[in-house]
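Working notes, beginning with the structure itself.
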Amino acid sequence: MAESLVFSLAESFISKLASRAVEETSLALGVYNHLREIKDTVSLIKAVLLDADQKQRHNHELREWLRQIKHVFSNAEDVIDDFECEALRKRVVNSSGTVTRKVRRFFSSSNPLVYRLKMAHNIKHIKERFDKVASDRVKFGLQINDSDNRLVKRRELTHSHVVDSDVIGRDYDKQKIIDLLLQGDKGVSVIPIVGIGGLGKTTLAKAVFNDKSVDESFSLKIWVCVSDDFELEHLLVKILNSASVSDSATNLTHKENFRNLDIEQLQHHLRNTVGGKKILLVLDDVWNEDRVKWVELNNLIQFGDDGSKVLVTTRSHAIAKMMSTNTTYILQGLSSKDSLSVFVYWAFKDGEDTNYPELMKIGKEIVQKCGGIPLALRTLGSSLFLKIDIQEWKFVRDNEIWSLPQKEDTILPAIKLSYDQLPSYLKQCFSCFCLFEKDFHFLNIHLTGFWEALGFLPSPNRGESVEDVSNRILHELWSRSFLQDFVVLGSSCKFKLHDLVHDLALYVAKHEFQLVKFHNENVLENVLHLSFFENDLLGPTPMPTRLRTIVFPIEANNEAFLNTLTSRCKFLRILKLTDSTYESLPGSIGKLKHLRYLNLARNKELKSLPNSICKLQNLITLKLGGCTKLEILPNGIGNLISLRQLSITTKQSNFPNKEISKLANLESLSISSCDNLESLFQGIQLPRLKFLNISLCENLKSLPLHAIVNLETLLIDNCNKLNLSFDHDNEISNLRSKLLCLDSLPQLVSSIPQWLRGCANTLHTLKIDNCENLYKLHEWSLTLVCLNILVIRNCSKLVSLTDDTCFLPNLEVLGIVGSPELLGRYQPGVGCDWHKISHIKQVYIE
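Numbering-wise, the working numbering comes out as the position in the sequence shown, counting from 1, plus 3.
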């Protein structure tokens, strides 16, 4: 159903046409008037797209019209992006100074006259296509609606969402399953929980898994999410990984190493792990009905002690019958009363349902349509949260989607209905989820780079960053229950998708996004975004030439495929090629002038990058972290003038400062495992740099921050020779840092760096970990008047926080862990210096 995204494409396209780069280039090429005419035509089309989206379900011809428009927008965007590429190319050439001739040769485009004629032809062709679809709109009788206001009319957003373990209406089911688990059976028993998708099988299993009585009854608990993957070797790795986290007493190999073991070695580790222990193993979301594979696994887990249990969640009664040793627990839908409780919890703020009797009357009718399915109740309740317009509630109650024929495990109407109510830009962002496999553990950084590269993010509000916009979208999707297990980690967040929500993403984006999982699966002709599940799926299948995204699998090694891809797919915006075994990349990668996102992280065999990579002036994100054999950064990296995000691992002792200083738009820089690196930022300015992370650079000695005054977040760890004391503290008095983390820095001795005085009015979080030689905080630290959070871990020589009578009066959180001298002095209520910190709201001392 990708046709529903056209409105957002129209908005984005009009915005591109209005950009300064497009205006200047179109004037130079003599096509400015044609672009103005195209903009007027697109505005006419955009005005009826929302109405067309509402009416397309019953009108095949209208649906095809929307699909045509989408293709035209896609092709037109490629043409307009060419204007932006040309503008960026000229900027690099014109700013090259004394090496103009060399740079001009490196960045030479085609003959200017030929280029001008080609672009004029492309613009004329695009104009004709837009004119055609614009004239066709008349026959559909569409109404003008030029504002996507599906998120208005909301009361103040103050709702506090429960975590998934807070199960409403499942107390009886939880206790029954616990009773089954605690039965003293001989050997290892298997108990399946079976029920349709969305009933809450996984949530119920989590509640049981985390129950105190279960904790006390099993010496080892293991949780494995199975989904589509029931290969024995993969399952053993997952089991051992989970066991290594659950059982801190065992000295298991680090989980990344399990992937390198053969099946015999894995079995040996498993026997050592579970042998003689009473274990609880949860196999969540089992789909595979191959009895041979189940018997193989079952034989291996029989080493557990008597009373050990395997708890299985599945939608399939056949799987439950195959795996069960005695009892299968069939999970039913919630009662009418509990269903209403779930719906009300998500649709209203606490107690406010009584203020809206008319909405409650309609809500009860909606609840009846949800069939007692918690996911449906939660999703629809969330979609109506803080909406007080009675017509919006009636729209949900009376929607025809409820009357469509449904199979047992197809997408729930309630989820699809909630999706339909999303604004167009949220639908675009949601579609990207289908590029990742089921049960993928997301971080917000996984999505931000993708969304930005594809132009899916709306323009930031005043004072907002791209990351702020991305996080706002994720919170919007979470508030509508499209995301689960949502945890905020400072400025980051992590989450998962319910498998039915993942199915929805695949369904709504099926014509443009494709996750290739099987050998006999053909790549769709018009697909724009492609992700491969396994390395051996990279084959000779022709790739669509207008491909925008390609995500390679882990350990990719098909050089012929990569060469073909970079030669043919000239319109790529995203290339994710992590954890591969390539030693080099083809020079043709420099022809991907539309590329915005290039992720080469953890390519541990990669030794060099082609210099042609520096032709990618549109590149926003470049990830080279973990490329431990990379000798040197490519010559001319300063030409990547659009770069915002850069992560680096190389063997260099010094970076090319002159080139780095040209990256004027750089906002985030991560430098890790650069074993030979000795110095950074000698005499250069990075005026927009806000985030700096330096890790595992054991020979780094100096880090002058004099000219990086806009730095907000600084993270430094495991740099054994780094001296953070500077001679010219006054030169960095304008620091605006908000977050500082210092970890494992043996040169941090007499006190924390005095240059921190420069950010006394901005620093709100300071964390100091494993600085074993640090023995005092400087008395000027009392000037950190905005500091809210201070955490000190494992600083064994630190003997005192302050000699003053009151330590940091504005501090709200103080954590002290593993620092014995401090533990005694500041022990709550009894320590000799407790009175100096007793004003702090939250004090954690271990």
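C-beta: ideal position from N, C-alpha, C; glycine also.
Does the distance from the CB of residue i to the CB of residue j come in under 9 Å?
{"i": "W837", "j": "Q830", "result": "yes"}
{"i": "T276", "j": "A323", "result": "no"}
{"i": "D81", "j": "R549", "result": "yes"}
{"i": "T581", "j": "N561", "result": "no"}
{"i": "S664", "j": "I687", "result": "yes"}
{"i": "G172", "j": "L503", "result": "no"}
{"i": "L780", "j": "L814", "result": "no"}
{"i": "S682", "j": "S705", "result": "yes"}
{"i": "V289", "j": "F233", "result": "yes"}
{"i": "C722", "j": "L699", "result": "yes"}
{"i": "L303", "j": "L383", "result": "no"}
Residue i to residue j, Cα distance in whole Å?
{"i": "C835", "j": "L184", "result": "50 Å"}
{"i": "C437", "j": "Q487", "result": "16 Å"}
{"i": "L646", "j": "I623", "result": "4 Å"}
{"i": "S482", "j": "G821", "result": "38 Å"}
{"i": "V197", "j": "H501", "result": "16 Å"}
{"i": "R294", "j": "K224", "result": "24 Å"}
{"i": "T805", "j": "Q757", "result": "15 Å"}
{"i": "T567", "j": "G279", "result": "54 Å"}
{"i": "P749", "j": "L314", "result": "48 Å"}
{"i": "E470", "j": "F212", "result": "35 Å"}
{"i": "K596", "j": "E528", "result": "23 Å"}
{"i": "F810", "j": "I840", "result": "6 Å"}
{"i": "D176", "j": "R739", "result": "53 Å"}
{"i": "I635", "j": "E299", "result": "48 Å"}
{"i": "L708", "j": "I644", "result": "22 Å"}
{"i": "N602", "j": "N621", "result": "14 Å"}
{"i": "F110", "j": "N764", "result": "Here the model assigns F110 a pLDDT of 49, short of 50, so the residue's position is not dependable, and the following value carries that caveat. Straight-line Cα distance between these residues: approximately 46 Å."}
{"i": "T161", "j": "N776", "result": "Because the pLDDT at T161 is just 26, under 50, the model does not fix this residue reliably, and the point stays unresolved."}
{"i": "E715", "j": "H842", "result": "28 Å"}
{"i": "I83", "j": "C744", "result": "43 Å"}
{"i": "F143", "j": "I72", "result": "14 Å"}
{"i": "E812", "j": "L769", "result": "For the record, residue 812 in the displayed sequence is Pro; it is not Glu. If I take the Cα positions, the gap works out to 15 Å."}
{"i": "L20", "j": "L65", "result": "26 Å"}
{"i": "L778", "j": "I17", "result": "Here the sequence assigns Tyr to residue 778, which means Leu is not the residue at that position. Rounded to the nearest angstrom, the two C-alpha atoms are 60 Å apart."}
Specify the secondary structure class of residue i as computed by DSSP and reduced to three states.
{"i": "K135", "result": "helix"}
{"i": "S386", "result": "helix"}
{"i": "F261", "result": "helix"}
{"i": "H532", "result": "strand"}
{"i": "T330", "result": "coil"}
{"i": "I391", "result": "coil"}
{"i": "V519", "result": "strand"}
{"i": "I771", "result": "strand"}
{"i": "F143", "result": "helix"}
{"i": "R3", "result": "Since the first and last residues shown for the chain are 4 and 849, residue 3 lies out of range."}
{"i": "N602", "result": "strand"}
{"i": "T805", "result": "coil"}
{"i": "G590", "result": "helix"}
{"i": "Y829", "result": "coil"}
{"i": "T716", "result": "strand"}
{"i": "I843", "result": "coil"}
{"i": "W226", "result": "strand"}
{"i": "N696", "result": "strand"}
{"i": "K340", "result": "helix"}
{"i": "K58", "result": "helix"}
{"i": "L568", "result": "helix"}
{"i": "I687", "result": "coil"}
{"i": "K596", "result": "coil"}
{"i": "D401", "result": "helix"}
Am I right that residue i and residue j are in contact with their C-beta atoms under 8 Å? What's the rounded C-beta distance?
{"i": "L817", "j": "L793", "result": "5 Å"}
{"i": "V75", "j": "I147", "result": "Actually they do not touch by this definition, with Cβ atoms about 20 Å apart."}
{"i": "R551", "j": "H532", "result": "6 Å"}
{"i": "I553", "j": "L578", "result": "6 Å"}
{"i": "L337", "j": "P377", "result": "6 Å"}
{"i": "I129", "j": "A79", "result": "5 Å"}
{"i": "Y359", "j": "I391", "result": "7 Å"}
Check: Do the region 22–34 and the region 57–77 touch if we need at least three Cβ pairs shorter than 8 Å?
Finding: The region 22–34 is not in contact with the region 57–77.
Next item on the list: Decide if the region 469–482 is in contact with the region 191–207; the criterion is three or more beta carbon pairs, one per stretch, under 8 Å apart.
Entry: No contact exists between the region 469–482 and the region 191–207.
Margin query: Closer than 8 Å is the cut-off here; do at least three beta carbon pairs connect the region 416–430 with the region 6–17?
Written below: The region 416–430 makes contact with the region 6–17: 3 or more CB pairs, one atom from each, lie closer than 8 Å.
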